[in-house]
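Enquirer: Under the working numbering, residues 9 to 630 are what the sequence shown spells out, in order.
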Amino acid sequence: MPPSTNPFCALALSSSLLLATACAAEPTPPAPTSLEELDGRLAKIFAQRGIPGAALALVEDGKIVMLKGYGVADKASGERVTPDTIFRAASISKSFTSIAIMQLVENGKLKLDARLADLAPEIAFNNPWEQSDPVRLVHLLEHTTGWPDISTRVELQNGPGWTVRRGVEFASPEFVSRWKPGQFAVYANAGPAVAGYVLEKATGQDFATFEREHVLRPMGMASADFTLTPALAAKVAKSYAPDGTLTPYQHIIMPASGSLATSVRELSQLVLFFVGRGTVDGHRILSPQAVERIEHGEASLAARAGLSGGYGLGNFPANDTGPSFRGHNGEIDSFTSVYGYSAAQGSGYVVLANGGEGVDFRTPVTGLIQAYLSRKHAFAPAPLFPVDPRELAALTGFYRNVTPAKNLMRPYAEVLGMSRVTLADGALRVGGKPYLPTGKHSFRRTDREAASLAFIEQDGQTYLLSGGLGDRKREAGWRVAAYAIVAALALLGGLFGLLALPVWGVAAYRKSLQAKGGWKVRLMPLLAFASLCATFALPLIGIAGGVGTLGMLAAPSVLSLPILLCSVAFPLLAAAGVWYALTNKRASRLVRWHAGLTSAGILAIAGYALSIGWIGLRTWTM
Numbered sequence: 009m010p011p012s013t014n015p016f017c018a019l020a021l022s023s024s025l026l027l028a029t030a031c032a033a034e035p036t037p038p039a040p041t042s043l044e045e046l047d048g049r050l051a052k053i054f055a056q057r058g059i060p061g062a063a064l065a066l067v068e069d070g071k072i073v074m075l076k077g078y079g080v081a082d083k084a085s086g087e088r089v090t091p092d093t094i095f096r097a098a099s100i101s102k103s104f105t106s107i108a109i110m111q112l113v114e115n116g117k118l119k120l121d122a123r124l125a126d127l128a129p130e131i132a133f134n135n136p137w138e139q140s141d142p143v144r145l146v147h148l149l150e151h152t153t154g155w156p157d158i159s160t161r162v163e164l165q166n167g168p169g170w171t172v173r174r175g176v177e178f179a180s181p182e183f184v185s186r187w188k189p190g191q192f193a194v195y196a197n198a199g200p201a202v203a204g205y206v207l208e209k210a211t212g213q214d215f216a217t218f219e220r221e222h223v224l225r226p227m228g229m230a231s232a233d234f235t236l237t238p239a240l241a242a243k244v245a246k247s248y249a250p251d252g253t254l255t256p257y258q259h260i261i262m263p264a265s266g267s268l269a270t271s272v273r274e275l276s277q278l279v280l281f282f283v284g285r286g287t288v289d290g291h292r293i294l295s296p297q298a299v300e301r302i303e304h305g306e307a308s309l310a311a312r313a314g315l316s317g318g319y320g321l322g323n324f325p326a327n328d329t330g331p332s333f334r335g336h337n338g339e340i341d342s343f344t345s346v347y348g349y350s351a352a353q354g355s356g357y358v359v360l361a362n363g364g365e366g367v368d369f370r371t372p373v374t375g376l377i378q379a380y381l382s383r384k385h386a387f388a389p390a391p392l393f394p395v396d397p398r399e400l401a402a403l404t405g406f407y408r409n410v411t412p413a414k415n416l417m418r419p420y421a422e423v424l425g426m427s428r429v430t431l432a433d434g435a436l437r438v439g440g441k442p443y444l445p446t447g448k449h450s451f452r453r454t455d456r457e458a459a460s461l462a463f464i465e466q467d468g469q470t471y472l473l474s475g476g477l478g479d480r481k482r483e484a485g486w487r488v489a490a491y492a493i494v495a496a497l498a499l500l501g502g503l504f505g506l507l508a509l510p511v512w513g514v515a516a517y518r519k520s521l522q523a524k525g526g527w528k529v530r531l532m533p534l535l536a537f538a539s540l541c542a543t544f545a546l547p548l549i550g551i552a553g554g555v556g557t558l559g560m561l562a563a564p565s566v567l568s569l570p571i572l573l574c575s576v577a578f579p580l581l582a583a584a585g586v587w588y589a590l591t592n593k594r595a596s597r598l599v600r601w602h603a604g605l606t607s608a609g610i611l612a613i614a615g616y617a618l619s620i621g622w623i624g625l626r627t628w629t630m
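1) Does the pairing of the segment 508–519 with the segment 549–557 give three or more beta-carbon distances under 8 Å?
2) Looking at the structure shown, is Asn592 part of a helix, part of a strand, or coil, going by DSSP?
3) How do the segment 269–287 and the segment 66–78 stand: do at least 3 beta-carbon pairs fall below 8 Å, yes or no?
4) Cβ atoms of Gly77 and Pro91: under 8 Å apart, would you say?
5) Just how far apart, CA to CA, sit Glu87 and Thr374?
6) Would you mind sorting Glu45 into buried or exposed? The rule is 16 or more other CB atoms within 10 Å of its CB.
7) So Ala307 and Thr404 are supposed to be a Cβ contact under 8 Å. How far apart are they, rounded?
8) In the DSSP assignment, find the beta strand (DSSP E) that holds Lys188 and state where it starts and stops.
9) Using the three-state DSSP reduction, which class does Phe369 fall into: helix, strand or coil?
10) Does the Cβ-Cβ distance between Thr627 and Leu548 come in under 8 Å?
11) Compute the distance between the beta-carbons of Ala459 and Leu473, then report whether it is under 8 Å.
12) Going by the beta-carbon positions, is the gap between Ser106 and Gly154 smaller than 8 Å?
13) Verify whether the separation of the beta carbon atoms of Arg597 and Ala589 is less than 8 Å.
14) Quick check: Asn115 and Lys246, are their CB atoms within less than 8 Å of each other?
15) Determine the direct distance from the alpha carbon of Ile340 to that of Gln258, and round the result to whole angstroms.
16) Within this structure, are the beta carbons of Ser581 and Ser539 separated by less than 8 Å?
17) May I have the straight-line CA-CA distance separating Trp622 from Phe215, to the nearest angstrom?
18) Expressed to the nearest angstrom, what Euclidean distance is found between the alpha-carbon atoms of Leu118 and Ser271?
19) Compare the beta carbon distance of Pro445 and Phe393 with 8 Å and say whether it is the shorter of the two.
20) Does the distance from the CB of Gly290 to the CB of His304 come in under 8 Å?
21) Would you please state the rounded distance, in angstroms, between the beta carbons of Lys414 and Met262? I believe it to be under 8 Å.
22) Under 8 Å, do Ala264 and Ser450 count as touching if we go by C-beta distance?
23) Within 10 angstroms of the Cβ of Ile59, are there 16 or more other Cβ atoms? Answer buried if so, exposed if not.
24) Based on Cα-Cα distance, which residue from Gln191, Ser276 and Leu254 lies nearest to Leu224?
25) Is Arg398 near the ligand MG, in the sense that its beta carbon is under 7 Å from a heavy atom of that ligand?
26) Spatial neighbours of Ala132 within its chain, please: C-beta separation below 6 Å, excluding the five flanking residues on both sides.
27) Would you mind stating whether Ala62 and Leu360 have Cβ atoms separated by less than 8 Å?
28) Mind checking Glu221: buried by the 16 CB within 10 Å criterion, or exposed?
29) Determine the closest residue to Leu124 out of Gly169, Arg49, Leu64 and Lys209, with distance taken between C-alpha atoms.
30) Quick one: Cα of Gly434 to Cα of Pro397, how far?
31) Look at the alpha carbon of Ser6 and the alpha carbon of Gly167, and state the distance between them as a whole number of angstroms.
32) Count the other CB atoms within 10 Å of the CB of Thr41; is the residue buried (16 or more) or exposed (fewer)?
33) Is Phe544 closer than 8 Å to Gly501 when the C-beta atoms are compared?
34) Can you tell me whether His291 is helix, strand or coil according to DSSP?
35) The alpha helix (DSSP H) spanning Val283 covers which residue range?
36) If I follow the unbroken alpha helix (DSSP H) through Phe504, where does it start and stop?
Take a look at the structure:
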């Protein structure tokens, strides 16, 4: 999602798209052979992507070898970016939240498997499986609570001076597990935010103070903070939407998930922390064992199926091809950020930007940097595991995304997230990319070192797991065909009605339409089709339009109320269309069949919409 959008939607989607759309990645360019060449090529890319200002830190062999600013921190004054310019690090904050929690785990003050209901009984949440599968602290950090990501109501709340608890309680009506905790990993900003409150209860300190005293300052980050201090405010860069307009600063109400402000010089200490396996400049922040735990998920089906290297504790795979990197990314207020590292290489990087197309994983920026850092390192893929071709063939078919991050995005995720798995030349192909088995259930893409997909059977269903975000369930072939038929009936019927409308208008003008069945049998399916299109198109327009239109989705407005009305109207109009098709005997057979089939297709879609809560759709609750 572009930087002009609201902060939390960007925080969530920047990472969900990272893992769910790997096949759309841009190819890694040839590796630069020197720092000078890398510097020049990055400057060109920043300009091409319309990025006003950026900052870079590079680490090789466990040492910082480059710190540099590019472009401007403030367009109006022309102030240049330096390695000490302050940027918002956004979701990279989650890495620090997890480090702080692991400190408390190592000190015996917290346990990852502790129940949230025991740690913070005052925080309301709804988990229908609480007795057998409770929400635990680890689920908050690994995004396996089953909760949807926060709604537009929470995303756009500006809360300067809010306590961590107040923000958590404001969002708590949305803490509803949609499946058993510990089953699927779905990026949810609320989880780390609640973990931040748990930290406060366990330590007796507010979250920002604990981070400052126990993580940031010991790590060598002298000014970084989760609160916008006066010193930081004086040095923070301005941020700009893709159209060049200034983006206002928002005080998000869940600081543990995204409020860290820092410079690239200081954030490079996080790379040194991971490369140093928990030690920075001689100061031990965590044990190597705790760092390993941060890097490996355990609380999901995917992890138990062999993808322990997926999303861990605020840390996940950070490269598309070639040698493996890990890290995190973020996006807030048009700021974008990304860090990645390879412990095996002793290398890593941080890139911060204040607008334009931004920086992220799987962009020319990070692809170029990772190619440079890996130039001397051999590709070391995980060894293959022998699997009977018949077992591979049994995994083929269509798989539907069943883990949308947001309820507001569910129909788009389920339809656009449908994947087909085929078998060719001894490899499974997913999204056109070949995958080879590294274990009984796990598979790696041929151009990656580590496994990134797993297949598992549970409760009679076959799941395709990504190790993080965007897990899918296999659909029976007849169901996929039924989906296609229903969609075709609605779409083709609606288009036919639009094309026929002028003909019907001429007949009405000549006063011959009434004798041919009249308007109702013709207009009901057409109006149902228009209402259906509005129901599913207007939310996308609101999401794509930036903060202004998102604000209209976050409350009853001239955008959200028509969505509500249309979501109620299209099933009613479709039902009327079926009725008139069955009872209007004066209309021709073609008109009646058109009305009946089109309306029946739309009614079938209405049944689906009802099952996901999209009839009477109130966008401000999703």
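Idealized CB from N, CA, C, for every residue including glycine. A quick note: this is a predicted structure, and the numbers were derived from the prediction, not measured.
Expert: In brief:
1) no
2) coil
3) yes
4) At a Cβ-Cβ threshold of 8 Å, Pro91 and Gly77 count as neighbours.
5) 25 Å
6) exposed
7) About 29 Å; that fails the 8 Å criterion.
8) Run containing Lys188: none; DSSP gives neither H nor E here.
9) coil
10) no
11) no
12) no
13) no
14) no
15) Approximately 9 Å between the Cα atoms of the pair.
16) Looking at the sequence itself, residue 581 is Leu, so the reference to Ser does not match. Yes, these two residues count as a Cβ contact at 8 Å.
17) Roughly 37 Å between the two C-alpha positions.
18) 31 Å
19) yes
20) no
21) 15 Å between Cβ atoms; not a contact.
22) no
23) buried
24) Ser276
25) Within the structure as shown, the ligand MG is missing, as the structure has no ligands at all.
26) Ser180
27) yes
28) exposed
29) Of Gly169, Arg49, Leu64 and Lys209, the residue nearest in Cα terms is Lys209.
30) 7 Å
31) Because the chain in this structure spans residues 9 to 630, residue 6 falls outside the shown range and cannot be described.
32) Classification of Thr41: exposed, given that the 10 Å Cβ count is below 16.
33) no
34) strand
35) Here the alpha helix (DSSP H) through Val283 covers Val272 to Val283.
36) Where Phe504 is concerned, the enclosing alpha helix (DSSP H) stretches over Gly485 to Tyr517.
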